[in-house]
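Reviewing the structure listed below.
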Amino acid sequence: MTQQPVAAAADNDERTPLLARADADEDEEEVPLPMLQVTLLCAGRVAEGMAFFTIFPFVNQMIAEVGGVPEAEVGFWSGWIESVFSFTSMIVMLFWGRASDNFGRKPVLTICLAGMAASAALFGFATDVWQMIALRSLAGVFGGAVVTIRTMLSENSTARTQARAFSLFAFAGNLGIFSGPLIGGVFAKPASQYPSIFGRVQLFVDYPYLLPGLISGGFTGLVALSNFIWLKETLPEQRNSATKTPPPSIMSIILSPGVRPVLVIFLYAGLLGFLYTALIPVFYFTPIELGGFGFTPAQISGFIALAGASQAIWLLFFFPPLQKRYGTGNVLRGCATMYPIAFAVIPVFNVLLREGKVKLFWATAPAWMALLSGLSMIFAGVQLALNDISPGPHAFGTLNGIALSLSSGVRAISPASITSLYAYGVKHQILKGHLAWVVMVAIAAGFGLVLQWLPAKSEGRLPPLHHHASAPPASRTQGEDETV
Numbered sequence: 001m002t003q004q005p006v007a008a009a010a011d012n013d014e015r016t017p018l019l020a021r022a023d024a025d026e027d028e029e030e031v032p033l034p035m036l037q038v039t040l041l042c043a044g045r046v047a048e049g050m051a052f053f054t055i056f057p058f059v060n061q062m063i064a065e066v067g068g069v070p071e072a073e074v075g076f077w078s079g080w081i082e083s084v085f086s087f088t089s090m091i092v093m094l095f096w097g098r099a100s101d102n103f104g105r106k107p108v109l110t111i112c113l114a115g116m117a118a119s120a121a122l123f124g125f126a127t128d129v130w131q132m133i134a135l136r137s138l139a140g141v142f143g144g145a146v147v148t149i150r151t152m153l154s155e156n157s158t159a160r161t162q163a164r165a166f167s168l169f170a171f172a173g174n175l176g177i178f179s180g181p182l183i184g185g186v187f188a189k190p191a192s193q194y195p196s197i198f199g200r201v202q203l204f205v206d207y208p209y210l211l212p213g214l215i216s217g218g219f220t221g222l223v224a225l226s227n228f229i230w231l232k233e234t235l236p237e238q239r240n241s242a243t244k245t246p247p248p249s250i251m252s253i254i255l256s257p258g259v260r261p262v263l264v265i266f267l268y269a270g271l272l273g274f275l276y277t278a279l280i281p282v283f284y285f286t287p288i289e290l291g292g293f294g295f296t297p298a299q300i301s302g303f304i305a306l307a308g309a310s311q312a313i314w315l316l317f318f319f320p321p322l323q324k325r326y327g328t329g330n331v332l333r334g335c336a337t338m339y340p341i342a343f344a345v346i347p348v349f350n351v352l353l354r355e356g357k358v359k360l361f362w363a364t365a366p367a368w369m370a371l372l373s374g375l376s377m378i379f380a381g382v383q384l385a386l387n388d389i390s391p392g393p394h395a396f397g398t399l400n401g402i403a404l405s406l407s408s409g410v411r412a413i414s415p416a417s418i419t420s421l422y423a424y425g426v427k428h429q430i431l432k433g434h435l436a437w438v439v440m441v442a443i444a445a446g447f448g449l450v451l452q453w454l455p456a457k458s459e460g461r462l463p464p465l466h467h468h469a470s471a472p473p474a475s476r477t478q479g480e481d482e483t484v
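Right, dumping it as structure tokens:
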């Protein structure tokens, strides 16, 4: 087949979102989401987050005890184990995206979830740091599940329902982030934590960090099996049994109108998220006199739980109606306006604590952190912008692969960069330890600048519905009765 520029494809109206073009008739009737399919995909997102975060509560202790590493060197090796997943994912994300465009979404997702389940379960068998790194790399190899999940959610939704779909996707991600560390903390070293139950199980005596991986891996394996049985293929040729059309080339996708600006916006939003997620725990822990909150582990957990619950509320109940009323672009601009302000206010709470205004701190800081969680709407928003700029349905997987591959590269280096800068500012008391927050404000201000490049095609403004009594709504997937 002769390769033609993707931009020249039919229905290439730069002002109309992709999904609205592809399903214009269905969108007119506001086709509901296929709930069973969305639930299966969101379960995959929960499993992906759970498998990634389960090791976080115990990995440092595991490195010291099982790996025999001196305590002074634990941080170095834990950093490598955390980063190697992102480096490996960066390499393979594009491969999985291409594979889903060539061979179908369902087989790629099933393989990735099964591989992730195996790597999570095997991690507890590691007996030295090199085995830990190897198994974490293996987990990264199967990190393509998130690419396929994003793609299939796009293909199971329309221009009018994708905001709801990706708010559920973001909520599922938060659930995985919450449950993973919980499993890791509760079930690590079960023979010593719960001797009456596991004390005589020699397997858990010999491998004290195995049980959390078995639990998260087992859940991921069940999700893989459920998707294999009930998930429906969404790649057009596979679903419709038509003649297979090869996906467009990577370069033609990148050069398609609007793709590069949206990729920059997508990566910038990811950068803000990675920097903040890495910085806030160490800021909470830092003593008050050095520029932090001086929190105990319980207080840190409480604030992180508050942020997670607040994000869920914002994503589930506020983002879909805001996006529907004002469009994706305006929601992103609103977040861009608030980001620098949100970051600038955070160190002010340290000033309150330094001045002994503890009651005022507790009366205002939790509320501010809950409001700040609303900025998580940008992550759902940039995904919708990416969906709308896709040059065609056969490019969905590859485009998501490109975006997440680049994002994995950013995630591999940004946490260490911001925490190192924070440590330097605290050590030398530059701006009373708040140097990193000044840099964060400057970076956040840049998001508003890059949003000026948002193409009209990704603004996400929908025309009013026109209902036709003679044409009742039809589901996107034939035979799908479970809708929402």
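Its first residue numbered 1, the sequence shown is counted upward by one per residue in full-length UniProt numbering. A virtual CB, placed ideally from N, CA and C, is assigned to each residue, including glycine.
Figure out for me which residue from the options has the closest Cα to the Cα of residue i.
i	options	result
residue 457	283, 176, 259, 438	259
residue 444	392, 378, 459, 404	378
residue 352	373, 293, 338	293
residue 98	455, 383, 402	402
residue 170	219, 120, 200, 273	273
residue 76	441, 452, 432, 420	420
residue 276	67, 68, 73, 416	416
residue 389	329, 46, 224	329
residue 207	344, 228, 121	121
residue 178	33, 382, 440, 311	311
residue 140	338, 94, 103	94
residue 58	32, 400, 439, 188	188
residue 418	440, 430, 398	440
residue 376	428, 391, 309, 438	309
residue 63	438, 166, 123	123
residue 225	107, 103, 446, 236	107
residue 61	361, 222, 321, 129	129
residue 461	254, 69, 223, 161	161
residue 280	33, 48, 434, 91	434
residue 266	451, 136, 149, 232	451
residue 382	431, 430, 455	455
residue 35	116, 110, 166, 78	166
residue 236	405, 102, 374	102
residue 400	131, 459, 233, 151	151
residue 343	319, 228, 371	371
residue 442	340, 65, 394	340
residue 348	278, 115, 385, 431	431
Mind checking residue i: buried by the 16 CB within 10 Å criterion, or exposed?
i	result
residue 230	exposed
residue 407	buried
residue 424	exposed
residue 314	buried
residue 296	exposed
residue 481	Note on residue 481: pLDDT 36, under 50, position unreliable in the model; the coordinate value appears next. Per the 10 Å Cβ criterion, exposed.
residue 287	exposed
residue 325	exposed
residue 221	buried
residue 11	Unreliable placement is indicated for residue 11, whose pLDDT of 38 sits below 50; the coordinate value is still reported in the next sentence. Residue 11 comes out exposed.
Rounded to the nearest angstrom, what separates residue i and residue j at their Cα positions?
i	j	result
residue 449	residue 303	31 Å
residue 316	residue 355	38 Å
residue 52	residue 86	10 Å
residue 40	residue 290	46 Å
residue 89	residue 164	27 Å
residue 346	residue 282	13 Å
residue 112	residue 256	29 Å
residue 201	residue 56	24 Å
residue 209	residue 127	10 Å
residue 438	residue 322	30 Å
residue 247	residue 387	16 Å
residue 193	residue 213	16 Å
residue 191	residue 299	28 Å
residue 305	residue 252	43 Å
residue 100	residue 148	7 Å
residue 453	residue 333	12 Å
residue 74	residue 84	15 Å
residue 228	residue 105	11 Å
residue 142	residue 205	29 Å
My assumption, with CB atoms under 8 Å, is that residue i sits in contact with residue j. Please give the rounded CB distance.
i	j	result
residue 44	residue 145	6 Å
residue 42	residue 172	4 Å
residue 46	residue 175	5 Å
residue 497	residue 133	Residue 497 lies beyond the stretch modelled for the chain, which goes from 1 to 484, so this question has no answer here.
residue 153	residue 38	7 Å
residue 270	residue 180	The pair is not a contact, with the Cβ atoms about 19 Å apart (cut-off 8 Å).
Say whether chain C places a C-beta atom closer than 8 Å to the C-beta of residue i.
i	result
residue 359	The question asks about chain C, but that chain is absent: this structure has only one protein chain.
Which complete alpha helix (DSSP H) runs does the region 263 to 301 hold, if anything under 4 residues is left out? none
Going along the chain, which unbroken runs of the alpha helix (DSSP H) with 4 or more residues stay wholly within the region 118 to 179? 129 to 141, 145 to 155
Complete runs of the alpha helix (DSSP H) confined to the region 318 to 404 [at least 4 residues]: With a minimum length of 4 residues, the continuous alpha helix (DSSP H) runs that stay inside the region 318 to 404 are 319 to 326, 328 to 354, 358 to 372, 377 to 389.
Scan the region 51 to 112 and note each continuous alpha helix (DSSP H) run of 4 residues or more that stays entirely inside, going in chain order. 59 to 65, 71 to 103
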